[in-house]
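Input: a single structure, listed below in structure tokens.
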Amino acid sequence: MIDLTVVWAVIIGFAIVAYVVMDGFDLGIGILFPGLDRGTERDTAMNSIAPVWDGNETWLILGGGGLLAAFPLAYAIILPALYAPMIAMLLALVLRGVAFEFRWRDPRHQRFWDRAFHTGSLVAAIAQGITLGALLQGIRIEGRAYAGGWWDWLTPFTLLTGAGVVVGYALLGACWLVWKTEGSLQDKALVRSRWAGVLLLLAIAAVSLATLGLETKYTERWLAFPGIIATAQVPLATAVISFLFFRSLATRREAMPFFLALGLFGLTIIGLGISIWPDVIPARLTIWQAAAPERSQLFMLVGAGIMVPIILTYTGWAYWVFRGKVGHEGYH
Numbered sequence: 000m001i002d003l004t005v006v007w008a009v010i011i012g013f014a015i016v017a018y019v020v021m022d023g024f025d026l027g028i029g030i031l032f033p034g035l036d037r038g039t040e041r042d043t044a045m046n047s048i049a050p051v052w053d054g055n056e057t058w059l060i061l062g063g064g065g066l067l068a069a070f071p072l073a074y075a076i077i078l079p080a081l082y083a084p085m086i087a088m089l090l091a092l093v094l095r096g097v098a099f100e101f102r103w104r105d106p107r108h109q110r111f112w113d114r115a116f117h118t119g120s121l122v123a124a125i126a127q128g129i130t131l132g133a134l135l136q137g138i139r140i141e142g143r144a145y146a147g148g149w150w151d152w153l154t155p156f157t158l159l160t161g162a163g164v165v166v167g168y169a170l171l172g173a174c175w176l177v178w179k180t181e182g183s184l185q186d187k188a189l190v191r192s193r194w195a196g197v198l199l200l201l202a203i204a205a206v207s208l209a210t211l212g213l214e215t216k217y218t219e220r221w222l223a224f225p226g227i228i229a230t231a232q233v234p235l236a237t238a239v240i241s242f243l244f245f246r247s248l249a250t251r252r253e254a255m256p257f258f259l260a261l262g263l264f265g266l267t268i269i270g271l272g273i274s275i276w277p278d279v280i281p282a283r284l285t286i287w288q289a290a291a292p293e294r295s296q297l298f299m300l301v302g303a304g305i306m307v308p309i310i311l312t313y314t315g316w317a318y319w320v321f322r323g324k325v326g327h328e329g330y331h
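Okay, so the sequence shown: first residue is 0 according to numbering that gives the first Met the number 0, each after it adds one.
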């Protein structure tokens, strides 16, 4: 018999991964924006994401809406615990979207809109990282409600995860520009990719070590025998992909660095899954304890079964149509 709760956990997890993969690189371009020259370089960077950036955020809506519908108890606890970073993220995404459109329509104030695009991208990335860190460090629950304070989400650990997400998105953005652009902008993106790659590996190591000290469960899942035989493959794979990543940059492979950077993100997500599964709020609430009634899950699954393939098809088609290099005046 199929466990609908697990199915919905997989759907929401997939939506979150899709968002990180697809929206991460265009947030990264916003983070890198001040380092690009005004004019051709910035226009080219914006054109490289213009056909896809708005659709990428569909997955964020699916993840948040799916959490509310399939795991309402978790939603009711997580939202009040993380009001501040979640509201900051949403406002930042709105600012970023407005800036994206108005930098073209209001050229007299383009410098202001460029700053707004960078600020919105940076704040959104920091807020997402802080949200992740706050979930990992634990949310205080009494009964079926959040029992913590307004500032519980703000700790050195959450600031570390926030910085890690910023660096990771910057890496994706730089690798995307290596793939999609040419000339001086591509050369600049190669340099940024190397620095961001080093910083991301340092961030992964720092967050991983800090996470082990948060909960006994985390230490047991990663270091207890015989499970350590399996979990040790994650840092080993990270080392292998990191070597291939830096070699691909050295040989100026254009698309490969982006996909290897996604591989590093994939390994961090696998590591996150090892740490928290099957909890929806780590060490506090499992997916089964937070799940909606089975009939509700089945009803929603019908809609998801129709819409998710449509979204995937449209997304794949959009990326295929706008494949290839891009210049400051558009794709060629």
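All C-beta atoms in this analysis are idealised placements derived from N, C-alpha and C, irrespective of residue type, glycine included.
Can you find the residues in the same chain that come closer than 6 Å, C-beta to C-beta, to residue 260, ignoring five residues on each side of it along the sequence?
In the same chain as residue 260, and ignoring 5 residues on each side of it, the C-beta atoms closer than 6 Å to its own belong to 170, 171, 174, in chain order.
Enumerate in chain order the residues of its own chain whose CB-to-CB distance from residue 58 is below 6 Å, with the five nearest sequence positions on each side excluded.
14, 17, 18
Backbone secondary structure at residue 279 - three-state DSSP
strand
Exposed or buried, residue 216, counting other C-beta atoms within 10 Å across all chains shown (16 or more means buried)?
exposed
Quick check on residue 337: does DSSP put it in helix, strand or coil?
This structure does not reach residue 337, given that the chain is present from 0 up to 331, and the question cannot be answered.
May I ask you to report which of helix, strand or coil DSSP gives residue 293?
helix
C-beta contact flag for residue 289 and residue 67 at 7 Å
no
With DSSP as the reference, label residue 144 as helix, strand or coil.
strand
Cβ neighbours of residue 127 in the same chain (closer than 7 Å, five flanking residues each side left out)
88, 164
Ordered along the chain, which non-local residues of its own chain (more than five positions away) have a Cβ less than 6 Å from that of residue 291?
Taken in chain order, the residues that qualify are 69, 71.
What does a CB cutoff of less than 8 Å around residue 329 pick up in its chain, not counting 5 residues either side in sequence?
Caution is warranted here: a pLDDT of 49 is assigned to residue 329, below 50, making its placement in the model unreliable, and no coordinate value can be reported.
Alpha helix (DSSP H) runs wholly inside the region 198-271, at least 4 long, in chain order
215-222, 226-230, 232-249
What are the complete beta strand (DSSP E) segments, minimum 3 residues, inside the region 115-186?
none
Candidates 7, 268, 52, 307: closest to residue 120 by CA position
Checked all of 7, 268, 52, 307; the closest Cα to residue 120 is 52.
Can you list, in chain order, the residues of its chain with a C-beta nearer than 6 Å to that of residue 94? Leave out the 5 residues immediately preceding and following it.
115, 119
State the Cα-Cα distance for the pair residue 331 and residue 43, rounded to the nearest angstrom.
With a pLDDT of 38 at residue 331, under the threshold of 50, the predicted position of this residue should be treated as unreliable, though the coordinate-derived value follows. Taking the CA atoms as reference points, residue 331 sits about 12 Å from residue 43.
Taking residue 10 as the reference, give the member of 200, 304, 285, 255 with the closest Cα.
304
Taking the alpha-carbon positions, what's the residue 156 to residue 298 distance?
39 Å
Looking at the unbroken alpha helix (DSSP H) that takes in residue 53, where does it start and where does it end?
52-55 is the span of the alpha helix (DSSP H), which, as asked, contains residue 53.
Is residue 81 helix, strand or coil when you go by DSSP?
It is coil, neither helix nor strand.
Taking residue 185 as the reference, give the member of 313, 86, 256, 98 with the closest Cα.
256
Is the CB of residue 125 under 7 Å away from at least one CB in chain B?
Checking the listed chains, one finds no chain B in this structure; it contains a single protein chain.
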